[in-house]
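>
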Amino acid sequence: MSLSSIGLMFRSKFTLVFGVMVAAVFVLAACSSDAEVNTGGTIRVGTTPDSITLDPAFLTTNPDIWIAKSVYNNIVSWTHELTVQPELAVEWEANDALTSYTFKLRKDVKFHNGEDFTAEDVVFTIGRLIDKELASPALGQLDFITAVVAEDDYTVRFELEAPNAFLPEALALYQGKILDSGVDLDNLLHAANGTGAFMLEEHITGERAVLKRNPDYWDEGKPYVDEVIFFYMAESQTRLEALKSGTLDIVVPIGGSEAAGLQGVPGVTVDQVSSGSYMVMAMMTDVAPFDNKLVRQALQMATDREAISQAAYFGLGSFGGDHPIPPTDPYYNPDAAAPAYDPEGAKKLLAEAGYPDGITVTLHTSPVFGGLVDMAVAFKESTAAAGINVEISRDPTDSYWSKVWLVEPFQSVHWFHRDPNGALSITYKSDAPWNEAHYNNPKVDQLIRDARAAKTFDERKAIFGEIQLILTDDVPRIIPFFMPVLVAMSDKVEGVFAHPGNNFILKEARLNSN
Amino acid sequence: MAQFLARRISLIALTLLVVSLAVFAITEILPGDVATAILGRGATPENLEILRQELGLNAPVYSRYLDWVWGILHWDWGESMVQKRPIWDLVLPRLSNSAVLAGFAFLVAVPTAIATGIWAGIRPGGLPDHAVSNASLVAISLPEFVTGVLLIVLFSSTLHWLPSSSILLPGESPLSKPSILILPTLTLTGVLFAYIMRMTRANVMGVMETSYVRTAILKGLPMRKVILRHVVPNAMLPTISVVAMNIGYMLGGLIIVDSVFAYPGLGRLLLTSITQRDIPLLQALALLISGVYAFSNLLADVAYALLNPRVRLG
Numbered sequence: 000m001s002l003s004s005i006g007l008m009f010r011s012k013f014t015l016v017f018g019v020m021v022a023a024v025f026v027l028a029a030c031s032s033d034a035e036v037n038t039g040g041t042i043r044v045g046t047t048p049d050s051i052t053l054d055p056a057f058l059t060t061n062p063d064i065w066i067a068k069s070v071y072n073n074i075v076s077w078t079h080e081l082t083v084q085p086e087l088a089v090e091w092e093a094n095d096a097l098t099s100y101t102f103k104l105r106k107d108v109k110f111h112n113g114e115d116f117t118a119e120d121v122v123f124t125i126g127r128l129i130d131k132e133l134a135s136p137a138l139g140q141l142d143f144i145t146a147v148v149a150e151d152d153y154t155v156r157f158e159l160e161a162p163n164a165f166l167p168e169a170l171a172l173y174q175g176k177i178l179d180s181g182v183d184l185d186n187l188l189h190a191a192n193g194t195g196a197f198m199l200e201e202h203i204t205g206e207r208a209v210l211k212r213n214p215d216y217w218d219e220g221k222p223y224v225d226e227v228i229f230f231y232m233a234e235s236q237t238r239l240e241a242l243k244s245g246t247l248d249i250v251v252p253i254g255g256s257e258a259a260g261l262q263g264v265p266g267v268t269v270d271q272v273s274s275g276s277y278m279v280m281a282m283m284t285d286v287a288p289f290d291n292k293l294v295r296q297a298l299q300m301a302t303d304r305e306a307i308s309q310a311a312y313f314g315l316g317s318f319g320g321d322h323p324i325p326p327t328d329p330y331y332n333p334d335a336a337a338p339a340y341d342p343e344g345a346k347k348l349l350a351e352a353g354y355p356d357g358i359t360v361t362l363h364t365s366p367v368f369g370g371l372v373d374m375a376v377a378f379k380e381s382t383a384a385a386g387i388n389v390e391i392s393r394d395p396t397d398s399y400w401s402k403v404w405l406v407e408p409f410q411s412v413h414w415f416h417r418d419p420n421g422a423l424s425i426t427y428k429s430d431a432p433w434n435e436a437h438y439n440n441p442k443v444d445q446l447i448r449d450a451r452a453a454k455t456f457d458e459r460k461a462i463f464g465e466i467q468l469i470l471t472d473d474v475p476r477i478i479p480f481f482m483p484v485l486v487a488m489s490d491k492v493e494g495v496f497a498h499p500g501n502n503f504i505l506k507e508a509r510l511n512s513n
Numbered sequence: 233m234a235q236f237l238a239r240r241i242s243l244i245a246l247t248l249l250v251v252s253l254a255v256f257a258i259t260e261i262l263p264g265d266v267a268t269a270i271l272g273r274g275a276t277p278e279n280l281e282i283l284r285q286e287l288g289l290n291a292p293v294y295s296r297y298l299d300w301v302w303g304i305l306h307w308d309w310g311e312s313m314v315q316k317r318p319i320w321d322l323v324l325p326r327l328s329n330s331a332v333l334a335g336f337a338f339l340v341a342v343p344t345a346i347a348t349g350i351w352a353g354i355r356p357g358g359l360p361d362h363a364v365s366n367a368s369l370v371a372i373s374l375p376e377f378v379t380g381v382l383l384i385v386l387f388s389s390t391l392h393w394l395p396s397s398s399i400l401l402p403g404e405s406p407l408s409k410p411s412i413l414i415l416p417t418l419t420l421t422g423v424l425f426a427y428i429m430r431m432t433r434a435n436v437m438g439v440m441e442t443s444y445v446r447t448a449i450l451k452g453l454p455m456r457k458v459i460l461r462h463v464v465p466n467a468m469l470p471t472i473s474v475v476a477m478n479i480g481y482m483l484g485g486l487i488i489v490d491s492v493f494a495y496p497g498l499g500r501l502l503l504t505s506i507t508q509r510d511i512p513l514l515q516a517l518a519l520l521i522s523g524v525y526a527f528s529n530l531l532a533d534v535a536y537a538l539l540n541p542r543v544r545l546g
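Taken in order, these protein sequences are the chains called A and B. Mapped onto this note's numbering, the consecutive letters of the first sequence carry residue numbers 0 to 513. Mapped onto this note's numbering, the consecutive letters of the second sequence carry residue numbers 233 to 546.
1. Would you kindly report the start and end of the unbroken beta strand (DSSP E) that includes Thr364(A)?
2. On a Cα-Cα basis, can you pick out the residue from Gly421(A), Val227(A) and Gly320(A) that is closest to Phe503(A)?
3. Let me know the secondary structure DSSP gives Ile555(B) once reduced to three states.
4. Counting beta carbon pairs with one atom in the stretch 332-351 of chain B and one in the stretch 422-429 of chain B, are three or more of them shorter than 8 Å?
5. Can you tell me whether Ser32(A) is buried or exposed? The criterion is at least 16 other CB atoms within 10 Å of its CB, across all chains shown.
6. Taking three-plus beta-carbon pairs below 8 Å as touching, is the stretch 468-477 of chain A in contact with the stretch 250-257 of chain A?
7. Quick one: residues in its chain with C-beta nearer than 7 Å to the C-beta of Glu260(B), no 5 flanking neighbours on either side, listed in chain order?
8. Are Ala56(A) and Ile282(B) close, meaning C-beta to C-beta below 8 Å?
9. Gly358(B) to Leu453(B), Cα distance in whole Å?
10. Could you check where the alpha helix (DSSP H) with Met300(A) kicks off and where it finishes?
11. For Met282(A) versus Phe409(A), is the C-beta distance shorter than 8 Å?
12. Check each residue of the stretch 77-96 of chain A: if its Cβ is closer than 9 Å to any Cβ of chain B, include it; give the result in chain order.
13. Would a check of beta-carbon distances place Gly272(B) closer than 8 Å to chain A?
14. Between Ser396(B) and chain A, is the shortest Cβ-Cβ distance under 8 Å, so that the two count as touching?
15. Exposed or buried, Gln235(B), counting other C-beta atoms within 10 Å across all chains shown (16 or more means buried)?
16. Please confirm whether any heavy atom of the ligand FMN lies closer than 7 Å to the CB of Ser244(A).
17. Smallest Cα separation from Pro507(A): which of Ala336(A), Asn61(A), Pro222(A) and Thr47(A)?
18. Taking the alpha helix (DSSP H) that Arg317(B) falls in, what are its first and last residues?
19. Should Ala258(A) and Phe313(A) be called a contact, given that it needs their Cβ atoms to be closer than 8 Å?
20. Would you call Val489(B) buried or exposed, if buried means 16 or more other Cβ atoms sit within 10 Å of its Cβ?
21. Are the CB atoms of Ala497(A) and Val272(A) within a distance shorter than 8 Å?
22. May I ask which residues mark the beginning and end of the beta strand (DSSP E) holding Tyr100(A)?
23. Under 8 Å between C-beta atoms, does Val372(A) make it to chain B?
24. What residues of chain A sit near Asn290(B), judged by a beta carbon separation below 7 Å?
25. Just to confirm, are Pro323(A) and Leu239(A) a CB contact at a threshold of 8 Å?
26. If you follow the alpha helix (DSSP H) that Val293(B) is in, where does it begin and where does it stop?
27. So Pro323(A) contacts chain B; which residues on that side make the cut at Cβ distance below 7 Å?
28. Hey, Leu287(B) and Met313(B) are a contact pair by Cβ (cut 8 Å); roughly how many whole angstroms apart?
29. Along the chain, which unbroken stretches of the alpha helix (DSSP H) at least 4 residues long are found entirely within the stretch 178-250 of chain A?
30. Could you give the distance in angstroms between the alpha-carbon of Leu298(A) and the alpha-carbon of Ala345(A)?
31. Can you check whether the C-beta of Glu206(A) is within less than 8 Å of a C-beta belonging to chain B?
32. Please return the same chain residues whose Cβ sits closer than 7 Å to the Cβ of Glu168(A), not counting the five positions on each side in sequence.
33. Tell me the DSSP secondary structure of Gln235(B) in three-state form.
34. Would you kindly work out how many angstroms separate the C-alpha atoms of Ile521(B) and Ile511(B), rounded to a whole number?
35. Decide if Met232(A) is buried, meaning its Cβ has at least 16 other Cβ atoms within 10 Å, or exposed.
36. Which same chain residues end up closer than 7 Å to Thr361(A) when comparing Cβ atoms and leaving out the 5 residues on each side of it in sequence?
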């Protein structure tokens, strides 16, 4: 690709070309270093056994999301800088009102069964996700799409119910992986047909998934290794020992204490990147005592974030405000950081709120995610100095999502990275599907709508900046820290990185010769 | 004998029926079902309703149970709700892996445990007896997940002699890669050895004190002959029951050993079927395991009768 063709792309009106540029740089870099790249070999990955489906519409667990990432492609995807880049799309543009988007698609893409990838497949896949009868967890993030239309074989148009600058971000979601429109939907766990760098050769639930190199992959020359095998292993100790002894090449996911345990182990490195994933304690703002803003602020001020990050993630967390936009995000507002730990100040706020003798609250938690229970315990300890007695209810994992989450007034959960609009829309808008705090602030609702309709980055940044200030002041949810994404791997592995969007990308993975 | 067998087998059938009812009832009481497992956090009430309808979970309990029983009676074990594969295709490879592991553990544990038990039992109170008895107490008290991790740390992480996990590449089986069997076998053997050894020792001690053994010794029979002819056959009878009971225990131990070593056996499949609430798969595994348990006990009873003419079957 020449520089002039990049220039050509810049000319299209109101196009988000940033991603195209990143991709172009990648292509240039790949062209220059092709000669030295080692190819071939098998990469063995140890992961958790919670695999349940490879139907993209129902991806929710880590191993499923990661295997699907290698087998399928989205039309757009997240860069390491948390911007959106084209994947099966080449470029896109929106109308001036931001209510209609046109995506141009790559013409050189084939599915694993040899069929051509066309606009029809995008219409099928996204149309399926926004079908209420399918009940995909992606519905809540895509339901602003009213129609998906194939204009020709390589052009797709999306119609939106209201102006929204964040359609590309929304389409980069885990569940947005493009299926072949003629696929047998009942057999996706064993016979996936994607466009991705690897083809699914074998899938045995609870045992392993075998992926073979796709020789006709559209991103030429990639992937570099012949085979990737994911092993489902229940015990984290077993996974780590297997990595140390060379039986495995990569172990994901790992938590903070596991990363600390791997320090200084010869032949093993841990790649780490701060991310937008976070743990949160949400308070229902319409249930006493959390309906009193002073109580919420007292809890906020009594939160020792350093101590909680230490307890729950071995001190690897990064700190932002009490809102879901992380310091790594281009839209982050540093003025909206959370107040420092001040138990005396919290005591005063509590007295002002009418609780001079302290207060007792019950925090629900569960080991559904590594570190959640540790966060709750550290929170209990940090708030005790302010006269706040946190009783911890440790609930069973089996029913946490259906019986506790969104039901109990004070609960702890985790969230993976999303773009600012996505994160705010699904958890803070008054009509959000996962409004954990029952937050109902017409001003924030309006600002979110304004941000979606704003035409330039600077306008959007100003609006999101204001939302961040409001949320940190209003504290519907306490977000003590943002989690890093960690990948443990052997020194033999190159080209694999921790991705801030919790994507695990193997198409550039290779094994060096030593 | 035939009448005895017929009665016992029909009792086993009844047991299996009760087991299947119990498993069904328990999974009904447990919070969550296969729909919440599939949807995870996406389990909004509307989504759950749609998926339950699709999976047929909305039918009343009794009708789902009767459908399942009807299928079993026609040797139709059904499909896994999550993996959408025939149950037997999932169970058979795991069953053979587990049988290999359990077989190895028995081959190692039973002869050594019996030999050690006899050896310790004929000289109770000596130093070797104390050593073996105390060691076996430790082995009984340590759960497999502790023994397993200790063995990994020692033989794999420190000495680098053996692989730390029992993962298999495509085309491999445990028998084609026996090194992966050693640590799981040792882990399973620990408790098994200790139980059988202690039982044998106690029985041998008991028999040694009987008057017929004293008579045999006093009439000048060589000690060797006393032990082989009189002590061992009599002391073996209760040991047979212990071995048979331990087949049931082994199947439980397999769940933990499969997890610690990532061994592709029945235990992991069972655990997966429970966490995913995959009822047809769980039912099939529960029936299979209780069936093995019941039949091994039946075998023990028959063996008991054949060895001991005082017991009459009928």
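Backbone N, C-alpha and C define an ideal beta-carbon position, used for all residues, glycine too. Since this is a predicted model, take the numbers as computed values, not measurements.
So, to answer that:
1. Ile358 to Thr364
2. Val227(A)
3. The displayed coordinates of chain B run from 233 to 546. Any statement about residue 555(B) would go beyond what the structure contains.
4. yes
5. Here the model assigns Ser32(A) a pLDDT of 47, short of 50, so the residue's position is not dependable, and the following value carries that caveat. With fewer than 16 other Cβ atoms within 10 Å, it is exposed.
6. no
7. Val293
8. no
9. 23 Å
10. Lys292 to Met300
11. yes
12. none
13. yes
14. yes
15. exposed
16. Ligands displayed in this structure: none; no statement on the ligand FMN is therefore possible.
17. Going by the sequence as given, residue 507(A) is Glu instead of Pro. Closest by alpha carbon: Pro222(A).
18. Premise fails: Arg317(B) is in no alpha helix (DSSP H) and is neither H nor E.
19. yes
20. buried
21. yes
22. Ser99 to Leu104
23. no
24. Result: empty, since nearest Cβ-Cβ is about 14 Å, beyond 7 Å.
25. no
26. Val293 to Leu305
27. The contacting residues do not exist; Pro323(A) stays about 15 Å from chain B at best.
28. 6 Å
29. 235-243
30. 7 Å
31. yes
32. Val83, Asp418, Asn420 and Gly421
33. helix
34. 15 Å
35. buried
36. Glu390, Ser392 and Phe409
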